[in-house]
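Student: Have a look at this one before I ask anything.
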Amino acid sequence: GAQCLLPDISSVFQPNSSNDNIQSITSGDWDVTKILSYDEKRNKIYFLSTEDLPRRRQLYSANTVDDFNRQCLSCDLVENCTYFSASFSHSMDYFLLKCEGPGLDSSPSTLEDKSD
């Protein structure tokens, strides 16, 4: 099937004026392949990205306010794994990170607590 690539994630703010202010949360020569979740309590968005190489999918978070700081949550977490999928708990306190390959005979899942 077709794959939708989201080149950048943008954030729309409505300040006290009548004009909307659009700011890019992500940018660069890579793609956001899937937006997974938004944590309103922590002002973070979680997404899969090809940032390090096009054939890889790593899990990232980015602040949606202030500096839009981005962090790779799956990079170097599991040896020989560079393609991940993830899902989040309803409370956004936990996520399930699944290694999709390459190089593993099985696909173990890791439950991570991402609370501050």
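The numbering used here numbers the first residue of the sequence shown as 202 and each following residue consecutively.
Glycine included, every Cβ here is placed at the ideal spot set by N, Cα and C.
Predicted model, so just to flag it, every value in this text is computed and none were measured.
(1) R257 lies in the beta strand (DSSP E); which residues open and close that run?
(2) Distance, Cα to Cα, N244 vs Y295?
(3) Just to confirm the assignment, what range does the beta strand (DSSP E) spanning E301 have?
(4) Please classify S288: is it buried, with 16 or more other beta-carbons within 10 angstroms of its beta-carbon, or exposed?
(5) State the DSSP-derived secondary structure class of T251, mapped to helix, strand or coil.
Tutor: In terms of the structure at hand:
(1) Position 56 of the sequence shown holds residue 257. Looking at the DSSP string, R257 is not in any beta strand (DSSP E), and its letter there is neither H nor E.
(2) Here residue 244 refers to the residue found at position 43 of the sequence shown. Here residue 295 refers to the residue found at position 94 of the sequence shown. Those two C-alpha atoms are separated by around 15 angstroms.
(3) Against the sequence shown, residue 301 aligns to sequence position 100. According to the DSSP assignment, E301 belongs to the beta strand (DSSP E) that extends over Y295 to G302.
(4) Residue numbering aside, residue 288 sits at position 87 when the sequence shown is read from its first letter. Result: exposed.
(5) Position 50 of the sequence shown, counted from the start, is the residue given in the question as residue 251. DSSP places T251 in coil when its eight states are reduced to three.
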